Every structure is written in structure tokens, then in C-alpha cells.
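> Here the sequence shown is numbered in my numbering, starting from 18 and rising by one per residue. Ideal Cβ positions, reconstructed from N, Cα and C, are used throughout, including at glycine. Values in this document were obtained by computation on a predicted structure and should not be read as measured data. Please see the structure below; I have some questions.
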Amino acid sequence: VDHGYSPAKWDLHISNVRLSDAANYQCHVITKTNPKSSRSNVKLIVEDIIVDIRPTDVLVSLGDSTQFSCQFTGEHRIRREQITWLKDGKPLVTDATRVTTSDELPNATVTTLHIVASQLNDSGSYRCSDGHGAQSREAKLYLRDINQQMSLRSCSPLTSFRTVFSLFILDFFLFTL
């Protein structure tokens, strides 16, 4: 509860709003000098925003281009200027080799990250976020060097053996073709 600069002003601020915060809130004011009681009902509706990222794992050779797309759906539209791409948990800086585009559709906002010519430092995990807690799950970019040896620099202790093995098999088949 915030009074601001006036004791007569009462504001309820809820930070980091979650679905569990959805409720009817009441404010009761009873003063000593005036026996009136005043009530106000405020209904808080928290909407679930669905964020989908595609593809989730990508294996490319150095210099190849690739892209990730995120789709934000929900009753209220997410504006394109609210969307941020994250690489390894930090805001991604766009440049000539990392370009983002966004489209606001009637039922969704779609944003795409285009990696024009992949470099070693592009390997890692990618997410998109609306800046208010809605985030996609993690998508990984794996790079092969010129000698067809897979660079797994983006692997973390949480990377599953199945993912690494699948990428190894994919790399093996591409190398033998």
C-alpha cells in the first residue's frame, strides 16, 4: 500500500503480478471523525500469456544463416516494442548479423531473430521475453566448425545426454553424406 504524498491517498501496488494474484480486492476506509464507511471492490484479472519459440534446437555450420521465431498469444496483445531477445540470459544486442523483425497479428505477436552469418559467439541459448515475466523456454544454437566437428560450447550441465547424442548422430550423418 502506498500513500504517496497524501495520507488521504491509498494505492495498492502489486509487483511481479502472477496468476495466483487474481482475486477481488477490497478497500475499507473508516475514519474517527466521520463515521462513514466506504468500500471499493477491485477485480484483478491476470492473463496467462503463452510464448512459443521455434525451433528449439538448431545445428548449423559456421557462416550459415538461421532463425528463431517467438509467438506471444493471449487475450491482450503484447506490443512489438515490449519484446526482448535474450542470449545466455542477457539482452541480445542486434547488429548487421543479428536482425529482429516483429509482426502484430490479430491474435498474436510474432517476432523473429535472424542470424545472418553464424559465428562461434552465436552458439548458446536464446529466449524471447515481454519484459514482464512471460518468457519462452530455451532454444539452443549449436555450431559446427569447418572441419565438421561440432562445437558444443553452449552445453550446460543441464543439457541432456539425449540432445547431445542426437546432435552427434545428426552431425555424423551430415558428414558422411
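#1: Would you kindly work out how many angstroms separate the C-alpha atoms of Ala125 and Thr48, rounded to a whole number?
#2: Helix, strand or coil: which one does DSSP assign to Ser171?
#3: With a cut-off of 8 Å on the beta carbons, I'd call Thr129 and Thr117 a contact; round off their distance for me.
#4: Give a yes or no on whether the C-beta atoms belonging to Phe85 and Ala151 are separated by under 9 Å.
#5: Taking the beta carbon of Asp120 as the centre, do at least 16 other beta carbons fall within 10 Å, making it buried, or is it exposed?
#6: Would you tell me roughly how many angstroms separate the C-alpha atoms of Pro72 and Cys44, rounded to the nearest one?
#7: Looking only at its own chain, which residues have a Cβ that is under 6 Å from the Cβ of Gln83, when we skip the five neighbours before and after it?
#8: On the three-state DSSP scale, how would you describe Leu103?
#9: Here's a check: name, in chain order, each residue in its chain whose Cβ is nearer than 7 Å to the Cβ of Asp147, leaving out the five neighbours to either side.
#10: Report the rounded CA-to-CA distance for Arg161 versus Trp102, giving the unit in angstroms.
#11: Going by Cα to Cα distance, which pick from Cys87, Cys145 and Arg144 is closest to Val127?
#12: Assuming Gln88 is part of the beta strand (DSSP E), what are its boundary residues?
#13: Does DSSP put Asp139 in a helix, in a strand, or in coil?
#14: Would you list the residues sitting across from Lys157 in a DSSP beta bridge?
#15: Look at the alpha carbon of Leu4 and the alpha carbon of Thr114, and state the distance between them as a whole number of angstroms.
#16: Identify the continuous beta strand (DSSP E) that holds Ile9 and give its terminal residues.
In short, the structure shows the following:
#1: 48 Å
#2: Reliability fails at Ser171, whose pLDDT of 49 lies under 50, so the model's placement of it is uncertain and the value that follows must be treated cautiously. Note: Ser171 maps to coil in three-state DSSP.
#3: 7 Å
#4: no
#5: exposed
#6: 47 Å
#7: Inspection of the sequence shows that residue 83 is occupied by Thr rather than by Gln. Cβ neighbours of Thr83 beyond the five flanking positions: Val75, Val77 and Ile132.
#8: strand
#9: Ile66, Phe89, Ile95, Gln99 and Ile100
#10: 23 Å
#11: Cys87
#12: Thr83 to Thr90
#13: helix
#14: Asp74 and Ser142
#15: Since the first residue of the chain shown is 18 and the last is 194, residue 4 is not available in this structure.
#16: This structure gives no information on residue 9, because the portion of the chain shown stretches from 18 to 194.
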